[in-house]
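Protein chains in written order, with the UniProt record's numbering: chain A, 1 to 596; chain B, 1 to 251. Cβ coordinates follow ideal geometry from the N, Cα and C atoms, glycine included. The structure presented is a predicted model; accordingly, all values stated were derived computationally and were not measured. Here's the structure we're looking at; comments come further down.
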Amino acid sequence: MKVMAQVGMVMNLDKCIGCHTCSVTCKQAWTNRAGVEYVWFNNVETRPGQGYPRRYEDQARWRGGWELNRRGRLRLRGGGRLKKLLGLFASPVQPELKDYYEPWTYDYQNLVQAPLGDDFPVARPKSLITGKDTRIEWSANWDDNLGGTAQLGHLDPVVEQVRRESEDRIKFEFEQTFMFYLPRICEHCLNPSCMASCPSGAIYKRTEDGIVLVDQDRCRGWRQCVTGCPYKKIYFNHKTGKAEKCTFCYPRVEIGLPTVCSETCVGRLRYIGIFLYDADRVTQAASAAEKDLYQAQLDLMLDPEDPAVAAAARAGGIPEDWLEAARRSPVYRLAKVYQVALPLHPEYRTMPMVWYVPPLSPVVDLLSGQGHDAEEAGNLFGAIEALRIPVEYLAGLFTAGDTQIVTGVLRRLAAMRSFMRGITLGQGADEAIAAAVGMDAAAMYEMYRLMAIAKYQERYVIPKAHVEQAHNLEEMGCSLDYDQGPGMYPSEAFGEASGKPVPVAVENFHALKQRQTGSGEVQPGELHGRVNLLNWDGRGTPPGMFPERRDTPHPATASPADGAGTAGPSPDAAGPSDHATGASGNDEDNRPREQR
Amino acid sequence: MGFLLWGVLPYVMVAILVGGSIWRYRYDQFGWTTRSSQLYESRLLRIASPVFHFGLLAVIAGHFFGLVIPKSWTEAVGMSQEFYHFNALFVGGVAGVCTLGGIILLIYRRRRTGPVFMATTRNDKTMYVVLVAAIAFGLWTTLASVFLGGHGHNYRETVAPWFRSLFIFRPDVAAMAAAPFAFHLHTLVGMLLFAIWPFTRLVHAFTAPLHYLFRPYIVYRSRDRQPVPGSRGRHPGWQPIGTKDRERRQP
Numbered sequence: 001m002k003v004m005a006q007v008g009m010v011m012n013l014d015k016c017i018g019c020h021t022c023s024v025t026c027k028q029a030w031t032n033r034a035g036v037e038y039v040w041f042n043n044v045e046t047r048p049g050q051g052y053p054r055r056y057e058d059q060a061r062w063r064g065g066w067e068l069n070r071r072g073r074l075r076l077r078g079g080g081r082l083k084k085l086l087g088l089f090a091s092p093v094q095p096e097l098k099d100y101y102e103p104w105t106y107d108y109q110n111l112v113q114a115p116l117g118d119d120f121p122v123a124r125p126k127s128l129i130t131g132k133d134t135r136i137e138w139s140a141n142w143d144d145n146l147g148g149t150a151q152l153g154h155l156d157p158v159v160e161q162v163r164r165e166s167e168d169r170i171k172f173e174f175e176q177t178f179m180f181y182l183p184r185i186c187e188h189c190l191n192p193s194c195m196a197s198c199p200s201g202a203i204y205k206r207t208e209d210g211i212v213l214v215d216q217d218r219c220r221g222w223r224q225c226v227t228g229c230p231y232k233k234i235y236f237n238h239k240t241g242k243a244e245k246c247t248f249c250y251p252r253v254e255i256g257l258p259t260v261c262s263e264t265c266v267g268r269l270r271y272i273g274i275f276l277y278d279a280d281r282v283t284q285a286a287s288a289a290e291k292d293l294y295q296a297q298l299d300l301m302l303d304p305e306d307p308a309v310a311a312a313a314r315a316g317g318i319p320e321d322w323l324e325a326a327r328r329s330p331v332y333r334l335a336k337v338y339q340v341a342l343p344l345h346p347e348y349r350t351m352p353m354v355w356y357v358p359p360l361s362p363v364v365d366l367l368s369g370q371g372h373d374a375e376e377a378g379n380l381f382g383a384i385e386a387l388r389i390p391v392e393y394l395a396g397l398f399t400a401g402d403t404q405i406v407t408g409v410l411r412r413l414a415a416m417r418s419f420m421r422g423i424t425l426g427q428g429a430d431e432a433i434a435a436a437v438g439m440d441a442a443a444m445y446e447m448y449r450l451m452a453i454a455k456y457q458e459r460y461v462i463p464k465a466h467v468e469q470a471h472n473l474e475e476m477g478c479s480l481d482y483d484q485g486p487g488m489y490p491s492e493a494f495g496e497a498s499g500k501p502v503p504v505a506v507e508n509f510h511a512l513k514q515r516q517t518g519s520g521e522v523q524p525g526e527l528h529g530r531v532n533l534l535n536w537d538g539r540g541t542p543p544g545m546f547p548e549r550r551d552t553p554h555p556a557t558a559s560p561a562d563g564a565g566t567a568g569p570s571p572d573a574a575g576p577s578d579h580a581t582g583a584s585g586n587d588e589d590n591r592p593r594e595q596r
Numbered sequence: 001m002g003f004l005l006w007g008v009l010p011y012v013m014v015a016i017l018v019g020g021s022i023w024r025y026r027y028d029q030f031g032w033t034t035r036s037s038q039l040y041e042s043r044l045l046r047i048a049s050p051v052f053h054f055g056l057l058a059v060i061a062g063h064f065f066g067l068v069i070p071k072s073w074t075e076a077v078g079m080s081q082e083f084y085h086f087n088a089l090f091v092g093g094v095a096g097v098c099t100l101g102g103i104i105l106l107i108y109r110r111r112r113t114g115p116v117f118m119a120t121t122r123n124d125k126t127m128y129v130v131l132v133a134a135i136a137f138g139l140w141t142t143l144a145s146v147f148l149g150g151h152g153h154n155y156r157e158t159v160a161p162w163f164r165s166l167f168i169f170r171p172d173v174a175a176m177a178a179a180p181f182a183f184h185l186h187t188l189v190g191m192l193l194f195a196i197w198p199f200t201r202l203v204h205a206f207t208a209p210l211h212y213l214f215r216p217y218i219v220y221r222s223r224d225r226q227p228v229p230g231s232r233g234r235h236p237g238w239q240p241i242g243t244k245d246r247e248r249r250q251p
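Here you go:
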């Protein structure tokens, strides 16, 4: 048993209102650059719908993920190593820009610069790829809120599959339809097929937290990862020629902050925590029969309370606070303890680590729409059994088609709803409801706390990256045990500025000491001719800090208080003593030219 | 003159090729990429690119066979001059035509597909000129010996001994000087191509991912790994959004 830690996420789809705040903030933080205009590390899809890129779930076409060969061994659906190398010169299965969408902007300048005329000026859409006028035909969420679903809904690969299996038409008429939102990021899989597809070996999984990243220096732009990822969450930056992907906001996670998408989530539906898993059994679990994949992945996740697991984790170098975080992990509780979270498309065999609590809302909406009591346990249980199509659709997304598992999860969510209604109405906790889904009242209440109250501290249990490992990052660790330490430091052998630079911390120490113990300002000589801006208190003017004045200051510009009152350029304004109005005017003119 | 061209220039070329590649590998890992344009256009690329690349691999194999393996060796295994020559011209001709056809198709695509042309730098254009020239002159030497009578020039008695003599640092200038002009031209352009190689997108050939056949599928790496020399460092490596390259082109 090799215990490793994995940062995981769970999203509670019942709470998602489809506001796209996560997508927008992620876009602003990570892909607001040339070359990735079409890229959304986080996107929100309306389901049923085609998703982004269009029909990415159709693996017969895109050939992402893994499959079992005749001997029951895992192999990449896109082909083995040799086949991949032979197909390197023109990647055979590669989404084009039209499968995502052609990014565009608008010609806003025309609105203010158009010549006077009879017609209102308009801001024409301009392609960000060609710079020319473009027709907007698709985007990352073009079918948002079932837009166009009556015409295009059948193109959803999951809808196709459900139809094939049930020989029944899913109706997209208003009164019979159901809808929910599916926010997607990189799954940071345990058995990533993008990584396995990368000819250069540039994609790696971090041993500490399991975040999957692309080494931008080692990526050579072969683009096999784009084919390999069944979720199409690796994107090709067409300007730099490198692959890019969701980073799980690792700079934030390392200091204990949730990802940008989670932090800004309006519905507070995202949970982040630690999973402990057995790295030795990943391949075995990924090779399970299709109907056992969910259970196999569940079995991979180790119980952090188990002393044997904790001992193995310690032996594997997982720090104590990470173990503590694993014990408090909200994602572990949702996925394994309450078993209300499910992986997205386990049939791809990548062992995804972003899980979803399937939405009960299609059931609830239908019941209340028909005038039934949508919080009564019996009604809900009955409806879950009866509403075959939404359940089959959810099963197509989350359990490779096994409706039993989805029904079980929905029943637990329904039970929680009825159970808490009883408490809220003062009827007391109904143990029978909890027992009907194999739980007890205490667990049910705990689950309610985590899912409905969802306090920030409970949603995000993120241990920090280890400080003792960060010693090498900067000079943080050296402080005053520098070998020439707090004592005075003579010049090096070759005079001033030779040898290693003195750490800022040491220089600060001396400057502060001099200021606290000395009477006047710090003498330039004591600082070896350098000026320490951190400690400069404005007294005196150390030599070399300001350029020498060309002439004696003009009375108006010499006193800053009068500066605002004296409008109009003074003869001295052209000099280095910059005058407020003149300088700012020039800056305005110069700036665009400099940028170009 | 002959000494400069065939005794000095090859070593200058090697120095630039090796030195330039090491320099680029150390200091420009981020720029070391194929810069694929398949995202913009894939219909033509899917035909042209494999034709070009596989043709090129065959051409490289042919060069190896013709230049490195001495005539005496092939004769020792019973391969007659006529048989060798026929093979070299036939296989070499086919490979050369594929390569040239492939690159012409690729350049046509690059010029005619708007986004692909916009993503083409001046560096790329220069490189294409030299690359096409090297391929065209090479094909010329082959075709000339087919159509211009007889068995053509036997380069295995002139160019090949000179090529091998370079490796023992005693360049056989006289042998090379005796070769016809077409071979001189092809060799010179070839040397120019290798000299600019490290500074163009062609470097992607040096990191052909053959190790993919042997590496484990799943790669674990620790967070604490120190950055390798030549890594990006503080350079942001990105540009603000917009189509700046287009604006720059139309001042």
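DSSP places V10 of chain A in the strand class (E or B) of the three-state scheme. Counting along the chain, V77 of chain B sits inside no alpha helix (DSSP H), nor does DSSP assign it H or E at all. Here the C-alpha atom of Y332 of chain A lies approximately 13 Å from the C-alpha atom of E324 of chain A.
Within the same chain, Cβ atoms closer than 7 Å to the Cβ of P157 of chain A are found at R55, E57, D58, the five residues on either side in sequence being excluded. V3 of chain A and A313 of chain A do touch by the CB rule: their CB atoms are close to 4 Å apart, below 8 Å. When DSSP states are grouped into helix, strand and coil, T158 of chain B belongs to the coil group. Counting along the chain, F275 of chain A sits inside the beta strand (DSSP E) bounded by residues 270-278. With contacts defined as CB atoms closer than 9 Å, G408 of chain A and Q339 of chain A qualify as a contacting pair. Residues V59, G96, H186, G190 of the same chain have their beta carbon placed closer than 8 Å to that of G138 of chain B, with the five preceding and five following residues left out of the count.
Excluding its 5 nearest sequence neighbours in each direction, P346 of chain A has C-beta neighbours in its own chain below 6 Å: L293, Y294, A400, listed in chain order. When 9 Å is used as the limit between beta carbons, M118 of chain B is near these residues of chain A: I129, T130, G131, in chain order. Using a Cβ-Cβ cut-off of 9 Å, E41 of chain B counts as an interface residue toward chain A, since at least one Cβ of chain A sits closer than that to its own. Nearest CB-CB separation between T207 of chain B and chain A: below the 9 Å threshold.
When secondary structure is reduced to three states using DSSP, V226 of chain A falls in the helix class. Between C194 of chain A and C225 of chain A, the CB-CB gap stays under 9 Å. Scanning its chain for C-beta atoms nearer than 7 Å, with the 5 sequence neighbours on each side dropped, one finds around T120 of chain B the residues R110, in chain order. Under the 8 Å Cβ criterion, the segment 22-31 of chain A does not count as touching the segment 352-359 of chain A, having fewer than three qualifying pairs. For V122 of chain A, there is no enclosing alpha helix (DSSP H), as DSSP gives it neither H nor E.
Proximity to K84 of chain A across B:L213, B:R24, B:M118, B:I168 peaks at B:L213, based on C-alpha coordinates. Contact between T134 of chain A and W104 of chain A is confirmed by a C-beta separation of about 5 Å, below the 8 Å threshold. Its Cα nearest to that of Y220 of chain B, the residue A:D209 stands out among A:G221, A:D209, A:P230. Of the residues A:A286, A:F381, A:R47, A:E187, the one whose Cα lies closest to the Cα of D14 of chain A is A:R47. Listed along chain A is no residue with a C-beta nearer than 7 Å to that of G55 of chain B; the closest approach is about 10 Å. Within chain A, the residues placing a beta-carbon under 8 Å from that of S222 of chain B are R206, T207, E208, ordered along the chain. When the Cα atoms are used, E431 of chain A and Y448 of chain A turn out to be separated by approximately 15 Å. Checking the DSSP bridge columns, you'll see L182 of chain A partnered with A:E45. Annotation: the segment 51-111 of chain B contains the following complete segments of the alpha helix (DSSP H) (minimum length 4 residues), in chain order: 71-76. When C-beta distances to chain B are compared with 8 Å, every residue of the segment 340-364 of chain A stays at or above that value. Annotation for A140 of chain A: W40, N43, Y52 place their beta carbon closer than 6 Å to its own, counting only its chain and skipping 5 residues before and after. Within chain A, the residues Q216, D217, T240, K242 have their CB atoms less than 8 Å from the CB of F30 of chain B, given in chain order.
Going by C-alpha positions, L366 of chain A is about 54 Å away from F117 of chain B.
At a cut-off of 9 Å between C-beta atoms, I453 of chain A does not count as an interface residue with respect to chain B.
Exclusion of the five residues before and after L76 of chain A leaves W66, S193, A196, S197, G228 as the residues of its chain whose Cβ lies within less than 7 Å of its Cβ. If only uninterrupted beta strand (DSSP E) runs of at least 3 residues are considered, none is enclosed by the segment 278-333 of chain A.
The bridge partners DSSP lists for T105 of chain A are A:K126. Within the model, the alpha-carbon separation for Q151 of chain A versus E305 of chain A is close to 51 Å.
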